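Going by full-length UniProt numbering, the first residue of the sequence shown is number 1, and it counts up by one from there.
Glycine included, every Cβ here is placed at the ideal spot set by N, Cα and C.
Model, not experiment: these values are computed from the prediction.
Let me begin by presenting the structure, written as structure tokens, before commenting on it.
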Amino acid sequence: MERLYPTYFLSLSLNNEELIMAFYIKLMKLDEDEQGITYQFGNGSKYLGTIYLNKANGNLKELDLEKYENYHHYLVRAKVKLHQHWQVGNFPAETCWAS
């Protein structure tokens, strides 16, 4: 997949282990119908996957994931952000997680 958007994160290397200090994850709507929405997410330099959000119950399902070291940190945050939007009934074309 091509690079989707710029993303910045701060990391620190300690004893050859990378510690991620900050996140910026961009989520973009790919498709929407009456039942749900598919979002693509990434960290800027990497495509990380797609997530399906069920509009009726808020369930989230990973459709496609690129697994690499620490990918689960991004996945969890992407899911939290989409769940926050579902709770208020807001389904934007683009959103992000920044921390």
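Can you have a look at Leu53 and say buried or exposed, based on whether 16 or more other CB atoms are within 10 angstroms of its CB? buried
Cut-off 7 Å between Cβ atoms - residues of its own chain near Arg77, not counting five sequence neighbours on either side:
For Arg77, where only same-chain residues beyond five positions count, the Cβ hits under 7 Å are Phe23, Ile25 and Trp97.
- So what's Lys55 in DSSP terms, helix, strand or just coil? Lys55: coil per DSSP, three-state reduction.
### Task
Look at the Cβ atom of Ile51, then the Cβ atom of Lys79, and state whether they are nearer than 8 Å.
Yes; because the gap between Cβ atoms is below 8 Å, this pair is in contact.
Inset, instruction - Kindly give me the distance between the Cβ atoms of Glu32 and Phe91, rounded to whole angstroms, as I take these residues to be in contact under 8 Å. - result: 7 Å between Cβ atoms; contact.
Worksheet item: In three-state DSSP terms, what is Leu12?
Response: Its pLDDT being 45, under 50, Leu12 is placed unreliably in this model, and the value from its coordinates should be taken loosely. Leu12: strand per DSSP, three-state reduction.
Whole angstroms are fine: how far does the CA of Glu69 sit from the CA of Gly49?
Gly49 and Glu69: Cα-Cα distance of roughly 14 Å.
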